[in-house]
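Read through the structure below, which is laid out as C-alpha cells, and then see the notes.
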DNA sequence: TACCTTGTAGTCAAATTGACTATAAGAATT
DNA sequence: AATTCTTATAGTCAATTTGACTACAAGGTA
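Protein chains in written order, with this note's numbering: chain A, 142 to 375; chain B, 142 to 375.
The structure is reproduced here in C-alpha cells:
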C-alpha cells in the first residue's frame, strides 16, 4: 500500500474526479430531465448532464450540491448517489472517473438561471433526449432503470409532485416511471390502503370535469416506508 | 471546464482512487465476509476489506478483479459496484475516494492464498467482525443493507449455494440475509411456485434424518428474473 | 336538459398469504 | 424389531389481496 507522498500535483487529482447529476422532474404527466449547455470546453454548445470537478477538500456529496447549484440555480434538493463510472476512455483528453448523482424534484419550483459555468439549462422530456456526450447516454439509461426499480420498494412522489395532488396525478407518475398503464380503481384502492396519504378535504380547481380530492403525503409514514422499504407491485 | 493538462503527476492520480471489495459467502448457515491483513502500510496487521489502488489506465471494474485476486487468490467471481465513498477525511494521509465492490460467492470454492500484498486472508462471520479501519465499518453496513433489499427483488443464492442444494438450505440463506425466521412449509410453497428450481431427483447424503430432495437453479429463469426483477416478501 | 369527462365506490371470482396440522422417511436408540 | 428422534413434505383453512370489471357521482359544456 503506497505511503504518503507530498509531491501532490493537487489540481490534477481534482481533475481526475467529476460529478454528473441526473435531475429528474415530472411535468404534464411526463418525466423530465434537466440538461445544460456548458459555456466552455470540449462540449461547448452541446446538451449534457450538469456536472463538473470535485475539489480536493470537498466531500463528494457536497460537490454534487455545489455543481448543481452553479449550473442551474437549483438549490435545496435531495441528491442520492447512483454509481461511479470509470471506463478508461470515457472522457477524451484524460482519465476521468465520474460519480453520478440522482435527484427527484419539481421543475416548477425552480427558475432556471444557468450559472457562470453553463450557458443554458433546460428540461427535456425523458422520451426525447438529444444525443449526449461521453457516456452520458449510458448513465441516463442506468438512472431510468434504477428509478423503475426504486418505485417498487420505496414510496416515490414526495419530491416530484406538488404538495397537494390528486390520486390520478400520482397514478400518472407511476405510469410514467413504470412505462405501463395501471387500472384506476385498483391503483386507488392499493395506494389508499397504505396509510401514506392524508386527504386535504379540498378539491382540485378549474378543471372541466368533476373535481378530484386533493391529498398530501404523510411525511412520517413516507419516511418510515422509505427507510424500511415496502413492496409495490402492479 | 478544465482543458487538458499534460503536467500529470500520474502516480498521484492513481493513488487518489481506490477499490474495496465486499466478498460475501455463505457457510454453515451463516453469512461470511472475506477480510485481509495487508502486509505493509498504515494498517499493517489489521483486518480490513480487500482493496488497493486503481491504475491510471485501468477500468475500475478490472481493478476490482485484479485487486481481489492479488490479495486473496479468488478468481472468476462476479463483482458488482456498490457505491463510491468520498468523505474528505475518510483516509488519514491524503484524500482518497474509494469505490466499493460487492460479490456473492462460495467460500469452499476457493483456497485462499494471500498474494504478495496481503499477509493473510480469512472468512469472518458477518455477525462477528473485528473493528475495521477507515470507514470500512460504514461500507460493510451499507453492503448488508443492500443485500437485504436485493433479496426482495432479485433471485439470490446462485453464487452463494452449492450447485445442488435443499430447500432448507435456501431458506437458511434467506433467513441469514433477512435476519428473521421464515415458516418452513410456506417458504417451500412460495419458492417452488416461482419455477426457479429444478428438482435433481437426488437426495441429500449422510444426514441423520430423512434426506431432503436436492434442487438446482434454472439458470435461464434465474437470469430472466434477475434482470426483470420480482417481488419476494415474507 | 342532455351529454361529455373524469372521480369514486363497489362487486366478485381467483389467487395468495399466514398460521397451522398431519403425515412420511430415515437414522438412532432401546 | 419396535420406538423415538429429527427433519421433509403435503395439506387445510380462514383471511386478505388481486385483477378485471360495473355502476354511479359530480361537475363542466353543448
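Just so it is clear, CB atoms sit at the ideal spot from N, CA and C, and this is done for glycine as well.
Taken through DSSP and simplified to helix, strand or coil, residue 372/A comes out as coil.
Inside the region 195 to 277 of chain B, DSSP marks whole beta strand (DSSP E) runs of 3 or more residues at positions 220 to 226, 238 to 246, 259 to 266, from first to last along the chain. Any Cβ of chain A closer than 9 Å to the Cβ of residue 173/B would place that residue at the interface, and such an atom is absent. Of the candidates 164/A, 166/A, 178/A, 178/A places its Cα closest to the Cα of residue 274/A.
Beta-carbon to beta-carbon, residue 302/B and residue 310/B are separated by about 6 Å, close enough to satisfy the 8 Å threshold. One finds 227, 228, 229 in chain A with Cβ atoms closer than 7 Å to the Cβ of residue 200/B, taken in chain order. When DSSP states are grouped into helix, strand and coil, residue 357/A belongs to the strand group. Residue 323/B places its beta carbon less than 9 Å from that of residue 375/B.
Secondary structure of residue 365/A (DSSP, three-state): helix.
Interface criterion not met: the Cβ of residue 308/A is under 9 Å from no Cβ in chain B. Annotation: residue 306/A is outside any beta strand (DSSP E) and is labelled neither H nor E by DSSP.
Closer than 9 Å to the CB of residue 370/B there is at least one CB belonging to chain A. By the neighbour-count definition (other C-beta atoms within 10 Å, threshold 16), residue 269/A is an exposed residue. Membership of residue 332/B in the alpha helix (DSSP H) is indicated by the continuous run 325 to 333. Put simply, of 328/B, 217/B, 305/B, 235/B the residue whose alpha carbon is nearest the alpha carbon of residue 360/B is 305/B. For residue 157/B, the enclosing alpha helix (DSSP H) begins and ends at 151 to 157.
In this structure, 295/B is the residue among 342/B, 157/B, 300/B, 295/B with its C-alpha nearest to the C-alpha of residue 373/B. It is roughly 25 Å from the alpha-carbon of residue 278/A to the alpha-carbon of residue 216/A.
For residue 340/B, the enclosing beta strand (DSSP E) begins and ends at 338 to 344. In the structure shown, residue 183/A adopts coil according to DSSP, grouped into three states. Under the three-state reduction of DSSP, residue 293/B is assigned to helix. Taking 8 Å as the Cβ-Cβ cut-off, the region 281 to 293 of chain A approaches chain B at 290, 293, given in chain order. By the rule that beta-carbons nearer than 9 Å mark a contact, residue 374/A touches chain B.
Taking a Cβ-Cβ cut-off of 7 Å, the neighbours of residue 224/B in chain A comprise 222, given in sequence order.
Residue 332/A has a beta carbon lying at 9 Å or more from every beta carbon in chain B. The straight-line gap separating the alpha-carbon atoms of residue 166/A and residue 202/A is approximately 20 Å. Here the alpha carbon of residue 281/A sits roughly 23 Å from the alpha carbon of residue 364/B.
In the DSSP secondary-structure assignment, residue 167/A is bridged to 172/A. When rounded, the separation of the alpha-carbon atoms in residue 187/B and residue 196/B is 24 Å.
Within chain B, no C-beta atom comes nearer than 9 Å to that of residue 297/A; the closest sits roughly 15 Å away. Look at the beta carbons and you see the region 209 to 223 of chain A touching the region 238 to 250 of chain A: at least three pairs across the two are nearer than 8 Å.
Note that the C-beta distance between residue 231/B and residue 276/B is below 9 Å. Nearest C-alpha to residue 287/B among 368/A, 161/A, 205/A: 368/A. Here DSSP, grouped into helix, strand and coil, assigns residue 352/B to coil. Across the structure, residue 248/A and residue 316/A are spaced so that their CA atoms are roughly 19 Å apart. In terms of beta-carbon proximity, residue 318/B stays away from the interface with chain A, with every pair separated by 9 Å or more.
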